[in-house]
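In mature numbering (1 follows the signal peptide of the UniProt record, and there is no 0), the protein residues as written are -26 to -1, 1 to 61. Backbone N, C-alpha and C fix where the C-beta goes; we use that ideal spot for every residue, glycine too. Have a look at the structure below before the remarks.
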């Protein structure tokens, strides 16, 4: 396949990708149920507070602006993106 034959193929692939509705490309946000939130609060959060909160506490000098005090803060993440991904 020559370079000039690849261009229409590339254009076709890009057109198909960009013509898809957002719902096909984006995942629905995951909402935790009560048991998942309870598990996080009882088992995960205490470990994060004990092991990670000294450096990731939400203070102005926190590393990468990541805080570990809540599930929402972990999903939001810091300078380098989310610390956890739901799902």
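C-alpha of residue 45 to C-alpha of residue -21: approximately 46 Å in a straight line. The beta strand (DSSP E) runs of length 3 or more contained entirely in the region 5 to 34 do not exist; there are none.
When only Cα atoms are considered, residue 48 and residue -18 end up about 41 Å apart. Taking C-alpha positions only, residue 57 is separated from residue 51 by approximately 5 Å. Here residue -15 is exposed: its Cβ has fewer than 16 other Cβ atoms, across all protein chains shown, within 10 Å.
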